[in-house]
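First to last, the sequence lines map onto chains A and B. With this note's numbering, letter number 87 in the first sequence gets 87, and the count goes up by one each step, no holes. This note's numbering runs 1000 ahead of the 1-based position in the second sequence.
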Amino acid sequence: VQLVESGGGLVQPGGSLRLSCAASGFTFSGHWMHWVRQAPGKGLLWVSHINSDGTATDYADSVKGRFTFSRDNAKNTLYLQMNSLRVEDTAVYYCATSLEMGTLDAFDVWGQGTMVIVSS
Amino acid sequence: QSALTQPASVSGSPGQSITLSCTGTSRDIGAYTFVSWYQQQPGKAPKLIIYEVNIRPSGVSNRFSGSKSGNTASLTISALQAEDEATYHCSSYTAISTVVFGGGTKVTVL
């Protein structure tokens, strides 16, 4: 069971970035997936979730209207399109899921994270 | 959605028990039994140690236990060990179908 994020990097304020998360070792299409971020030295912040077939998403207020979460179940991959990036979006972004528990809130599988730095 | 409130730090000596608190509202912790706790070592992803208030995933030490009263959840670490030194995050499902985390509590083993 593995989640591997990619796509992080340095971007200027107002810019865009697309993160990916490749899943393996489990039935990807059967699980809701989440993005959680952590700003340097700060706590965790839930960013978004997507249902198993990709037809429903929810977002934290701080990213609503700027971020779009999607998935490709044929490729076992998640995408987080981040637009109009702000300095305060600087964080490590993790993808995560509730694999054994099957709940919407208890994440027992996490990726290693990808760092996004928004700076001029 | 405001973050859950956790103390910034808690410390204890080896062998002692410590309790970490996590305070929310009637729209998250107070409304559901979907409270989780995570242990995070520096530079690592969080690890789930408690879910649904007091259930330990397989492989998690029984020295970790959870409880909830009203809008406040608690994590107790018994027989504290050096390896327990980490940051602990709580989370809760919310009335608007999202997840809210606390700011994290750094546990120091003296």
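Glycine residues also receive a C-beta, built at the ideal position from the N, C-alpha and C atoms.
The beta carbon of B/Thr1108 sits closer than 7 Å to those of Ser1009, Ser1011, Glu1085, all from its chain and outside the five residues before and after it, given in chain order. In the three-state DSSP reduction, A/Ser29 falls in the helix class (H, G or I). At a cut-off of 8 Å between beta-carbon atoms, B/Ala1086 makes no contact with chain A. Among the bridge pairs identified by DSSP, A/Ile50 is matched with A/Met33, A/Thr57. Between B/Pro1007 and A/Ser48, the alpha-carbon positions lie close to 26 Å from each other.
Interface annotation for the region 36–48 of chain A against chain B: Val36, Lys42, Gly43, Leu44, Leu45, Trp46, criterion Cβ-Cβ distance under 8 Å. Contacts between A/Gly15 and chain B, judged by CB atoms closer than 9 Å, are missing: the closest CB pair is about 26 Å apart.
When DSSP states are grouped into helix, strand and coil, A/Ala91 belongs to the strand group.
In terms of beta-carbon proximity, B/Val1060 stays away from the interface with chain A, with every pair separated by 8 Å or more. At least 8 Å separates the beta-carbon of B/Ala1045 from that of A/Gly65. With respect to A/Gly14, A/Leu85 sits close: the two C-beta atoms are nearer than 8 Å.
Between A/Thr90 and A/Ala39 a beta carbon distance of about 6 Å is seen, short of the 8 Å cut, so the two are scored as contacting. DSSP lists A/Ser20, A/Ser70 as the bridge partner or partners of A/Tyr79. In this structure B/Gln1001 is buried. Its beta-carbon is surrounded by 16 or more other beta-carbon atoms within 10 angstroms.
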